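Those letters in the sequence shown? Residues 1 to 576, by the working numbering.
Heads up: the structure comes next, in structure tokens.
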Amino acid sequence: DGKQSLSVAGSYTPSSEELDMKATLDMLSLSYAGPFLKDIFSGTGGYVSGEITATGPVSGMTVRSKDARLTDARLRVAYTNVEYTASGPFHVDGTGIYLDGISIKDRHGNTGKISGGITYDHFKDMRFDIGIDAEQIEAINLDDAGNPFYGHLFATGRVDVTGPANAITLSAEASTAGSGDLHIPVSSTLTAGSTNLLKFKEPEVEEVIDPYEQMMSRLQRQKEMSRDFAMKLKVSTTPEVEAFVEIDKASGNVLNGRGTGTVELSIHPSDKTFNILGDYTINSGNYHFVALGIAARDFSINDGSSIRFNGDIMESTLNIGATYRTKASLSTLIADTTSVNNRRTVECGIRITEKLSNPRLAFSIDVPDLDPTVKARVESALSTEDKVQKQFLALLISNSFIPDEQSGITNNSSMLFSNVTDIMTNQLNNIFQKLNIPLDLGLSYQQNNRGNDVFDVAVSTQLFNNRVIVNGNIGNRNQGTGSGNSDVVGDIDIEIKLDRPGAFRLNLFSHSADQYTNYLDNSQRNGIGITYQKEFNHFGQFVKSLFQSRKKREEAELEETRKSLNEEKVYIRIEK
């Protein structure tokens, strides 16, 4: 546009190979530097201004700057796929490039400060020593295209970029800020092997090695090793961030949860190293379990479940409890044909312990709010581990119990109708998902020989950015009196998060009763309650919080977070 962005004047003396030059930059585009920075930054833009002088011999010239500054410089970090905009002054001298408190911001307007610089010896042996202090800034924006982990995270803390240009280390000590997600694909780390029953001896083949090819292969390996990158992240997580452990993403076996903990990640892409250390306590979550490729069930993870990461992701120690709730008739289980229409809420529990590489599973079945007499009969029908496992699998696949061989009761049609309704439910939920409708629908239908069929419709949804959670179902009920009249009843649970972290919640419920709960009374039960949950690192912190004002508690929590981030930091100074 007729604007002079670069002006260079000076002299070069061939006999002594000396330079004496001066360059004036007036909003020169940084995109010219893109090819030289592509290994670190996948995208560049913005402008640089100032005066640059170069004097001395070419092999050891001295470069200095005056009034140099960046204006809206756009740099997209290749390893995190996050673009930052930087503005502010910098200076150049004979020892390096130094950033004089340059301010940065992400695409969401969150800000931070950059300090430090890049040192060198006449533009040789370049070393990075850059520090970034940020407040709720975008830190990771990776997709699942071959990355050892991916997700979208914001963080508050400090990031250091250190090391020589061919072996940069990115270190971070931060806590997550705001909502986000972190995905750890386990299936990508698995390997498959096979063993042959018969082994055949292969004939010996003499291989001729070409010395030239061997040399070129060695040079290629050295070239690949000449550029290295490593990431060391220590992150304190908050409940706003949802973590996903993708056990088998293709089939849908994914565990997700929200919780707290401190996790350390060590990533070395060149040798495909991915280590993770730390403890993660789950406050709430979900485990999507696919049974035999037929039925997909969602288990709610119990509060207090935990994952301890021990380095290799497959060596992580699990201590996870989860519950799947369904409705099934007890008549098949306890051989009671007089109450064939009556369906009860059944809680199927699963406990996952030991290593992720070889987890141990334990199953349980519980029917809450039972009359003591009926409860004894149910416990008798589930008295052994084999019986529990058999009924557990039946409930997952068909949402109904299977009869004992000695009971003489058959319910072959119930499994057929259950599978049909499952297919319809999955199709409807897929449509809701594609239309971005936050609704999860469940259908259940069973026939019986009395002509009064049993149905249930379950609905769950999360509204207002997951601050209101609604779960409910409606169905018919018959007390087995033979009159053929069925009452339509329903259950509903509403959970409202009264604060942003979700520690303070309002709970409302309305539950129906049946013949197995007539000792309570045979009417609809309604209730309202308030819950508050908070975690403390030690008992003294809990006692102190009882007698502190809100302002002092917040200051103490901030100080505790700072201590946890700095407790393992050690500074070592080495002088030559």
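Glycine included, every Cβ here is placed at the ideal spot set by N, Cα and C.
None of the values given here were measured: they were computed from a predicted structure.
| task | Can you say whether residue 391 is buried or exposed, counting buried as having 16 or more other CB atoms within 10 angstroms of its CB? | result | With 16 or more Cβ atoms within 10 Å of its Cβ, residue 391 is classed as buried.
| query | What is the rounded straight-line gap between the Cα of residue 504 and the Cα of residue 532? | reply | Distance between the alpha carbons of residue 504 and residue 532 is about 4 Å.
| query | Quick one, are the C-beta atoms of residue 154 and residue 172 less than 8 Å apart? | reply | No. Outside cutoff.
| said: Rounding to the nearest angstrom, what Cα-Cα distance links residue 313 and residue 276 in this structure? | reply: Taking the straight line joining both Cα atoms gives about 7 Å.
| Since residue 547 is in the beta strand (DSSP E), which residue starts that stretch and which ends it? | Taken as a continuous stretch (DSSP letters only), residue 547 belongs to no beta strand (DSSP E), as it is neither H nor E.
| task | Would you identify the three-state DSSP class for residue 66, choosing helix, strand or coil? | result | Taken through DSSP and simplified to helix, strand or coil, residue 66 comes out as strand.
| Contact the region 248 to 268 vs the region 157 to 169: 3+ CB pairs below 8 Å | Segments in contact, no.
| said: Going residue by residue through the region 303 to 364, where are the continuous alpha helix (DSSP H) segments of at least 4 residues, counting only ones entirely within it? | reply: The region 303 to 364 contains these whole alpha helix (DSSP H) runs: 331 to 334.
| query | Grouping DSSP H, G and I as helix and E and B as strand, with all else coil, what is residue 231? | reply | Residue state, collapsed to three classes: strand.
| said: To the nearest angstrom, how far is the alpha carbon of residue 512 from that of residue 491? | reply: Taking the straight line joining both Cα atoms gives about 6 Å.
| task | Return the CA-CA distance between residue 279 and residue 260, expressed in angstroms with no decimal places. | result | Each residue's Cα considered, the two are about 9 Å apart.
| task | May I have the straight-line CA-CA distance separating residue 407 from residue 384, to the nearest angstrom? | result | Per-residue confidence for residue 407 stands at a pLDDT of 48, beneath the threshold of 50, marking its modelled position as unreliable; no derived number is given.
| Exposed or buried, residue 106, counting other C-beta atoms within 10 Å across all chains shown (16 or more means buried)? | Under a 10 Å Cβ-count criterion, residue 106 is classified as buried, with 16 or more other Cβ atoms of the shown protein chains found around its own Cβ.
| query | Alpha carbon to alpha carbon, how far is residue 540 from residue 554? | reply | Straight across, the Cα-Cα distance linking residue 540 with residue 554 is about 16 Å.
| task | Examine chain B for any beta-carbon lying closer than 8 Å to the beta-carbon of residue 266, and answer yes or no. | result | Absent here is chain B; the protein component of the structure consists of one chain.
| message | Output needed for residue 20: all residues of its chain with C-beta closer than 7 Å, excluding positions within five of it in sequence on either side, in chain order. | response | Within the same chain, residue 20 has close Cβ partners 10, 11 and 55.
| query | Out of 265, 257 and 537, which has the shortest C-alpha to C-alpha gap to residue 282? | reply | Here the closest residue by C-alpha is 257.
| For the candidate residues 466, 328 and 371, whose alpha-carbon lies nearest to that of residue 403? | Residue nearest to residue 403 within the set 466, 328 and 371 is 328 (criterion: CA-CA distance).
| task | Output the distance between the C-alpha atoms of residue 466 and residue 502, rounded to the nearest integer angstrom. | result | Approximately 10 Å, taken between the alpha carbons.
| Best match in 41, 134, 326 and 97 for proximity to residue 116 [C-alpha to C-alpha] | For residue 116, the nearest C-alpha among the options comes from 97.
| said: Which residues does DSSP list as the beta-bridge partners of residue 497? | reply: For residue 497, the pairing in a beta bridge is given by DSSP as 505.
| query | Is the beta carbon of residue 47 less than 8 Å from the beta carbon of residue 28? | reply | Between residue 47 and residue 28, the C-beta gap is smaller than 8 Å, which places the two residues in contact.
| message | Assuming residue 344 and residue 367 are in contact, meaning their beta carbons sit under 8 Å apart, how far apart are those beta carbons, in whole angstroms? | response | Going by Cβ atoms, the distance from residue 344 to residue 367 rounds to 5 Å, so yes, they are a contact pair.
| said: Between the alpha carbons of residue 543 and residue 83, how many angstroms are there, rounded? | reply: Each residue's alpha carbon lies about 44 Å from the other.
| If you draw a straight line from the alpha carbon of residue 65 to that of residue 118, how long is it in whole angstroms? | Here the alpha carbons of residue 118 and residue 65 stand approximately 15 Å from one another.
| Which class does residue 402 belong to by DSSP, given the choice of helix, strand or coil? | It is coil, neither helix nor strand.
| query | Which residues in the same chain as residue 388 place their Cβ atom closer than 8 Å to its Cβ, once the five residues preceding and following it in sequence are excluded? | reply | Apart from sequence neighbours up to five positions away, the residues of its chain that approach residue 388 with a beta-carbon distance below 8 Å are 363, 364, 365 and 382, ordered along the chain.
| N-terminal and C-terminal residue of the alpha helix (DSSP H) that residue 373 is part of | Taken as a continuous stretch (DSSP letters only), the alpha helix (DSSP H) holding residue 373 covers 372 to 381.
| message | Considering just the uninterrupted stretch of the alpha helix (DSSP H) at residue 164, what are its terminal residues? | response | Run containing residue 164: none in the alpha helix (DSSP H); it sits in the beta strand (DSSP E), 150 to 164.
| task | Measure from the alpha carbon of residue 604 to the alpha carbon of each residue in 152, 356, 537 and 398, then state which is nearest. | result | No answer is possible for residue 604: the residues shown for the chain start at 1 and end at 576.
| message | Judging by CA-CA distance, which residue of 162, 308, 285 and 158 is the nearest neighbour of residue 234? | response | Selection 162, 308, 285 and 158 evaluated against residue 234 yields 158 as nearest (Cα-Cα).
| request: Count the other CB atoms, across all protein chains shown, that sit within 10 Å of the CB of residue 242; report buried if there are 16 or more and exposed otherwise. | output: Residue 242 is buried by the Cβ-count criterion.
| request: Measure the C-alpha to C-alpha separation of residue 103 and residue 131 and round it to an integer number of angstroms. | output: Going by C-alpha positions, residue 103 is about 12 Å away from residue 131.
| What separation, rounded to the nearest whole angstrom, lies between the Cα atoms of residue 349 and residue 164? | About 53 Å.
| said: When you compare the CB positions of residue 323 and residue 302, do they come within less than 8 Å of one another, or not? | reply: Judged by their CB atoms, residue 323 and residue 302 are nearer to each other than the 8 Å cut-off.
| Whose CA, out of 148, 265 and 254, lies closest to the CA of residue 237? | Closest by C-alpha distance to residue 237, out of 148, 265 and 254, is 265.
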